[in-house]
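Under the UniProt record's numbering, think of the first position of the sequence shown as 247, with each following residue one higher. Here is the structure we will look at, set down as structure tokens.
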Amino acid sequence: AKTGGRGRHAWFDNSMERSLKLRGELEAGLRNAVPAQEIVPYFEQQIDLTTGRITGFEVLARWDHPTRGSIAPDIFIPIAEEIGVIGELSLSIMRQAFAAARDWDAGLSLSVNVSPLQLRDAWLAQKIIKTLVETGFPASRLEIEITESALFDNLPLAQSIVGSLKNQGIRLALDDFGTGYSSLAHLRALPFDRIKIDKSFVTSILDNPESMAIVNTIVRLGDSLNLPTTAEGIEDAAVEERLRGIGCAKGQGYFYGRPLGAAQVRRLLAEKRLL
Ligand code: C2E
Ligand code: CA
Ligand code: CA
Ligand code: CA
């Protein structure tokens with residue numbers, strides 16, 4: 247049937263109304279999701295590109311929504327930041343991830359993402375350290391990933407939080423390197439241990455010479471600053487091979503498998519005798 251202008255309008259209003267309704271529903275649901283333990287950690291393998299071995303996992307949040315299924319963090323992390331529950335959400339994810347990974351092989355590390363907003367919480371380091379102590383997960387096996395945009399917001403506070411974390415032996419990675427502004431200045435502002443090369447460069451290295459040049463330059467920069475690099479978003483063997491060739495230390499991506507729940511990780515590690 248032919249739809250007139252009026253019909254289209256009605257449809258548009260309905261769809262806007264629906265998306266506002268969805269947003270409201272997610273917002274309300276999110277406040278309850280953390281105490282209800284609906285926000286759970288998934289784990290993405292990180293691979294040593296020289297040996298091919300698993301060195302650890304990046305922790306990625308998923309919302310197991312009671313009616314809508316699994317919701318991706320790109321949807322709910324921004325809402326959690328906006329409504330002020332990101333700190334609570336993040337500590338809940340860490341607590342669950344630390345408890346799960348505590349009895350995995352002692353050589354396996356965990357990398358957790360920390361939101362820019364959390365670097366405004368003067369108690370952040372204490373909260374993370376308390377969570378480590380309570381779960382019995384060693385600080386030396388933890389790496390924290392932060393994105394560039396976070397850093398210059400309140401640099402002295404960020405430096406003091408990071409100082410407390412590093413004093414405990416926690417490592418620090420600069421996430422999504424190359425995507426923000428003044429990347430190089432950020433490298434000097436905080437004592438990073440690792441650079442993560444954003445997947446937007448990595449996925450295209452074989453068909454885009456600029457991407458290849460950028461990735462190569464980041465790896466060389468890491469070399470000269472004594473910072474090992476991790477490439478994210480490796481989707482096939484050819485890209486992995488190329489990254490190994492230019493001396494990138496670690497990699498992660500769908501080539502090694504999709505992120506797994508804690509029970510699936512246990513099965514994987516049991517097969518590999520890493521439990
Ligand atoms: P990120 O930290 O850059 O995480 C990497 C994202 O890339 C993950 O998406 C991962 O599943 C995806 N990915 C991994 N390998 C591949 C690949 O080979 N190809 C492609 N196309 N994608 C790949 P995810 O899990 O949807 O997370 C999205 C973002 O949400 C993360 O980006 C991170 O910024 C944020 N996030 C996730 N968990 C948390 C959390 O607990 N706290 C905070 N603050 N942010 C989180
Ligand atoms: Ca990350
Ligand atoms: Ca990243
Ligand atoms: Ca990202």
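Glycine included, C-beta positions come from ideal geometry on N, C-alpha and C.
query: In the DSSP assignment, what are the bridge partners of K442?; result: T476
query: Is F383 helix, strand or coil by DSSP?; result: coil
query: For R417, report the span of its beta strand (DSSP E) as first-last.; result: R417 to F423
query: When we look at the beta-carbon of residue 235 and count the other beta-carbons within 10 Å, is it buried (16 or more) or exposed?; result: The chain is shown from 247 up to 521; residue 235 falls before or after that span and cannot be answered.
query: Rounded C-beta distance between V465 and T475? I'm assuming under 8 Å.; result: 5 Å
query: Which residues in the same chain as M458 place their Cβ atom closer than 6 Å to its Cβ, once the five residues preceding and following it in sequence are excluded?; result: I451
query: Would you mind reading off the limits of the beta strand (DSSP E) that contains T393?; result: L388 to T393
query: Looking at F438: is its Cβ nearer than 8 Å to the Cβ of L420?; result: yes
query: Mark V331 as exposed unless 16 or more other C-beta atoms lie within 10 angstroms of its C-beta, in which case mark it buried.; result: buried
query: G251 by DSSP, collapsed to three states: which one?; result: In this prediction, G251 scores a pLDDT of 48, lower than 50, which makes its location untrustworthy; no coordinate-derived value is stated.
query: Would you tell me roughly how many angstroms separate the C-alpha atoms of E444 and E478, rounded to the nearest one?; result: Residue identity differs from the one stated: residue 444 is Asp in this sequence, not Glu. Each residue's alpha carbon lies about 6 Å from the other.
query: In whole angstroms, what is the alpha-carbon distance linking A483 and Q291?; result: 15 Å
query: Can you name the residues that DSSP bridges to R308?; result: V286
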